[in-house]
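In the numbering used here, the protein residues as written are 6 to 434.
So, in structure tokens, the structure goes:
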């Protein structure tokens with residue numbers, strides 16, 4: 006009897022072990038669909054991330070297509086959203102000025118008034134610029150003479166970074182399909198040559214006027230030393246460092262007779278930037294005298310509403326797009342926005358660099374004299390700051406502070422680089 010009991014116990018243990026093995030080998034009812042889904046290609050651990058990646062890529066591609074062509078077509082060119090603005094239709098305002106002259110802040114201030122003002126772009130097929138444009142390169146419309154073949158070759162060599170020049174700023178390609186994804190190819194090169202030949206000096210020609218006319222054209226100026234400081238922080242590793250190759254190439258192409266002033270081997274970075282400011286304004290002197298440029302104003306102390314008044318947005322008889330008059334009166338008269346009226350201060354140079362007139366003279370005496378002449382013409386004080394020298398003498402015995410960049414001279418004090426020169430609203434010629 007004992008043997009029989011032991012045999013049954015052993016048989017029971019064997020049966021229990023067999024059932025456990027069978028359970029491990031065979032999935033239960035709840036687990037079977039999950040495993041079957043993974044085996045049959047359903048969305049599991051590996052399939053879900055793949056779907057998410059595909060969705061994200063699809064959204065990015067759709068957004069890019071909308072921004073670069075599809076969206077611009079429906080909103081700006083199809084007439085479904087608003088009346089399209091053709092390349093040949095007149096605009097109200099063109100403001101030109103050098104880089105770092107506060108043009109970005111000016112365009113933002115005018116946009117805050119509800120005006121369709123675009124920065125560095127007058128291509129109405131891609132941007133909302135019905136009311137006008139604020140740009141540095143559009144200043145070549147007022148340059149003297151015909152464009153030189155070498156200038157076209159230099160400007161159309163390829164796509165440049167951080168210089169604010171591309172033919173897309175003026176119009177879309179015609180007769181060819183422009184490359185997407187920021188590429189530069191044969192179509193953009195062809196368009197570049199056409200645009201450069203069309204716009205160079207067009208505002209001073211009578212036989213071939215500019216394709217896009219502007220009712221009011223103004224020059225915005227900023228104190229030359231503040232411009233040099235701002236661009237110096239942006240482009241220069243040091244005062245004597247080689248010039249940024251992109252701006253060196255562009256500036257040499259724009260002023261081929263002065264190409265040596267922008268050569269990386271012949272000119273220091275700050276010297277090249279100072280020559281850029283000087284040559285740019287010298288190139289516009291004839292347009293100011295002839296009236297092709299209707300006037301100039303200093304950005305220091307200017308307000309968006311004041312600039313809009315100079316442009317003629319305040320009166321129906323001087324504005325070509327009447328809804329803009331209503332926008333002006335809403336934001337500047339009926340319900341003014343004081344915080345939005347004054348252009349914001351350029352934040353690039355926060356006490357990193359302060360340049361004195363004597364330092365420009367040391368870099369290049371001819372440059373210093375020509376810059377001084379222009380600065381005085383625009384009503385700026387142009388002399389060394391005595392407080393700057395006294396502060397530097399008092400700090401001579403102190404250990405030097407760690408600085409991110411070593412340039413001509415560090416600003417001592419609160420870092421405020423706003424020029425305290427004379428201020429006015431507008432000057433007509």
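Cβ atoms here follow ideal geometry from the backbone N, Cα and C, with glycine treated the same way.
Computed from a predicted model, the values in this text were never measured in an experiment.
Checklist entry - Which residues mark the beginning and the end of the beta strand (DSSP E) in which residue 329 is found? => result It is not in any beta strand (DSSP E) - residue 329 instead sits in the alpha helix (DSSP H) that spans 327-334.
Checklist entry - Counting along the chain, where does the alpha helix (DSSP H) carrying residue 219 start and finish? => result No alpha helix (DSSP H) contains residue 219, which is instead part of the beta strand (DSSP E) from 219-226.
Item to check | Every unbroken alpha helix (DSSP H) within the segment 250-336, with a cutoff of 4 residues, ordered by chain | outcome: 250-259, 274-295, 309-316 and 327-334
Next on the checklist: Suppose contacts are defined by Cβ-Cβ distances below 8 Å. Is residue 96 in contact with residue 134 by that definition?
Outcome noted: yes
Checklist entry - Given that a residue counts as buried once 16 or more other Cβ atoms are within 10 Å of its Cβ, and exposed if not, what is residue 42? => result The predicted position of residue 42 is uncertain, since its pLDDT is 49 and thus under 50; a value taken from the coordinates is nonetheless stated next. By the 10 Å Cβ count, residue 42 comes out exposed.
Item to check | Residue burial classification, residue 93 (beta-carbon count within 10 angstroms, cutoff 16) | outcome: exposed
Checklist entry - Should residue 181 be labelled buried (16 or more other beta-carbon atoms within 10 Å of its own) or exposed? => result exposed
Checklist entry - For residue 319, which residues from the same chain have a beta carbon less than 6 Å from its beta carbon, with the 5 sequence-adjacent residues on both sides left out? => result 333
Checklist entry - What three-state label does DSSP hand residue 210 in the structure shown? => result coil
Checklist entry - Helix, strand or coil: how does DSSP classify residue 242 here? => result Note: residue 242 maps to coil in three-state DSSP.
Item to check | As assigned by DSSP and simplified to three states, the class of residue 97 | outcome: strand
Checklist entry - In terms of residue numbering, what span does the beta strand (DSSP E) encompassing residue 139 cover? => result DSSP places residue 139 inside the beta strand (DSSP E), whose first and last residues are 137-140.
Checklist entry - What residues are listed by DSSP as bridge partners for residue 123? => result Paired residues: 138.
Checklist entry - Helix or strand or just coil, what does DSSP make of residue 375? => result helix
Next on the checklist: Considering just the uninterrupted stretch of the alpha helix (DSSP H) at residue 363, what are its terminal residues?
Outcome noted: Where residue 363 is concerned, the enclosing alpha helix (DSSP H) stretches over 362-368.
Checklist entry - Secondary structure at residue 155, three-state DSSP: helix, strand or coil? => result helix
Item to check | Secondary structure of residue 181, DSSP reduced to three states | outcome: coil
Item to check | Nearest-angstrom Cβ-Cβ length linking residue 112 and residue 123, presumed shorter than 8 Å | outcome: 7 Å
Next on the checklist: Buried or exposed for residue 340, going by 16 or more other Cβ atoms inside 10 Å?
Outcome noted: By the 10 Å Cβ count, residue 340 comes out exposed.
Checklist entry - Which first and last residues belong to the alpha helix (DSSP H) in which residue 118 is found? => result Residue 118 -> no alpha helix (DSSP H), and no H or E assigned at all.
Checklist entry - How would you label residue 222, buried or exposed, when you count the other beta carbons within 10 angstroms and need 16 or more for buried? => result buried
Checklist entry - Whole-angstrom Cβ separation of residue 147 and residue 209, contact assumed at under 8 Å? => result 6 Å
Item to check | Three-way DSSP call (helix, strand, coil) for residue 248 in this model | outcome: coil
Next on the checklist: Using only the alpha-carbon positions, how far apart do residue 242 and residue 273 sit?
Outcome noted: 10 Å
Checklist entry - Going by the CB atoms, is the gap between residue 196 and residue 206 shorter than 8 Å? => result No, they are not a contact pair.
Checklist entry - For residue 213, which residues from the same chain have a beta carbon less than 7 Å from its beta carbon, with the 5 sequence-adjacent residues on both sides left out? => result Taken in chain order, the residues that qualify are 207.
Checklist entry - Excluding five sequence neighbours on each side, which residues of the same chain lie with their C-beta closer than 7 Å to the C-beta of residue 326? => result Result list for residue 326: 97, 135 and 136, in chain order.
Item to check | Extent of the continuous alpha helix (DSSP H) to which residue 198 belongs | outcome: Per DSSP, residue 198 belongs to the alpha helix (DSSP H) from 191-204.
Next on the checklist: My output table needs one value for residue 91: the three-state DSSP class, helix, strand or coil.
Outcome noted: coil
Item to check | Rounded C-alpha distance that separates residue 219 from residue 99 | outcome: 6 Å
Next on the checklist: One question on the structure: do residue 115 and residue 313 come within less than 8 Å of each other, judged by their Cβ atoms?
Outcome noted: yes
Checklist entry - In chain order, what residues of the same chain have a beta carbon less than 6 Å from the beta carbon of residue 47, not counting five sequence neighbours either side? => result Caution applies to residue 47, whose pLDDT of 48 falls short of 50 and renders its modelled position unreliable; the value that the coordinates give is listed next. So the list is empty, once near-sequence residues are dropped.
Next on the checklist: Please state whether the Cβ-Cβ distance between residue 301 and residue 226 is less than 8 Å.
Outcome noted: yes
Checklist entry - Does the Cβ-Cβ distance between residue 202 and residue 252 come in under 8 Å? => result no
Checklist entry - Quick one: Cα of residue 322 to Cα of residue 328, how far? => result 13 Å
Checklist entry - Straight-line CA distance for residue 3 to residue 104? => result Nothing in the structure corresponds to residue 3, since the chain is present only between 6 and 434.
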